[in-house]
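Engineer: Residue 11 in full-length UniProt numbering is what sits at position 11 of the sequence shown, and the numbering runs on without skipping anything.
Note that the Cβ used here is the ideal one computed from N, Cα and C, for glycine as well.
I have a structure here, written as structure tokens, and I will follow up with some questions on it.
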Amino acid sequence: MKFEHIELADKELKFETLRYAAESIGFIHAGQWDYQRVTFDYKIVNQGDVYYLRVPAYAVKGDIPKDDTIVKLMTPMLGKHYYPHGVEYEGETFPQPIIDKCNKKLELLLKNIETN
């Protein structure tokens with residue numbers, strides 16, 4: 001599921017700003033990066049099911065994870081994890097409380113980015 005109504009996609013900012021804004025509200029980026037791409041994940045567990053809200057970005061100037069690298073955000077998405085296959089984004093029906101939580105989390109991320 002894509003969250004296109006939250007105006008995060010196509011925003012350009014310093015990697016340092018994105019990392020601070022995302023990590024301060026519970027997103028992680030542990031090993032989900034290479035020098036050109038990064039994904040910040042927020043894990044949600046609900047009644048035994050595991051969901052991931054993902055905010056992907058890519059470098060437009062510089063290399064990730066350098067603080068002064070300029071990154072461009074892509075459309076956030078929600079997926080459901082299936083062991084051992086991975087995360088599925090399409091063809092899923094997501095519980096409304098999960099969708100609501102994701103909307104609130106993304107609105108907070110947008111606010112954090114805009115205030116920095």
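#1: First and last residue of the alpha helix (DSSP H) that includes Phe15?
#2: Mind the definition here: the stretch 73-93 touches the stretch 47-55 only if three or more C-beta pairs lie below 8 Å; say whether that holds.
#3: If we call anything under 7 Å between Cβ atoms a contact, is Phe15 one with Leu106?
#4: Where does Asp49 fall in DSSP's three states?
#5: Ignore the nearest five residues each way along the sequence and tell me which others in Ala21's own chain have a CB closer than 8 Å to its CB.
Structural biologist: Looking at the coordinates:
#1: Along the sequence shown, read from residue 1 onward, the residue named residue 15 stands at position 15. Taken as a continuous stretch (DSSP letters only), the alpha helix (DSSP H) holding Phe15 covers Phe15 to Glu23.
#2: Three or more beta-carbon pairs drawn from the stretch 73-93 and the stretch 47-55 are found closer than 8 Å, and the two stretches are therefore classed as touching.
#3: Along the sequence shown, one-based indexing puts residue 15 at 15. Along the sequence shown, one-based indexing puts residue 106 at 106. Not a contact, by the Cβ cut-off of 7 Å.
#4: Here the question's residue 49 lines up with position 49 in the sequence shown. The answer is strand: DSSP assigns Asp49 an E or B state.
#5: Position 21 of the sequence shown, counting from 1, holds the residue named residue 21. Cβ neighbours of Ala21 beyond the five flanking positions: Leu109, Asn112, Ile113 and Asn116.
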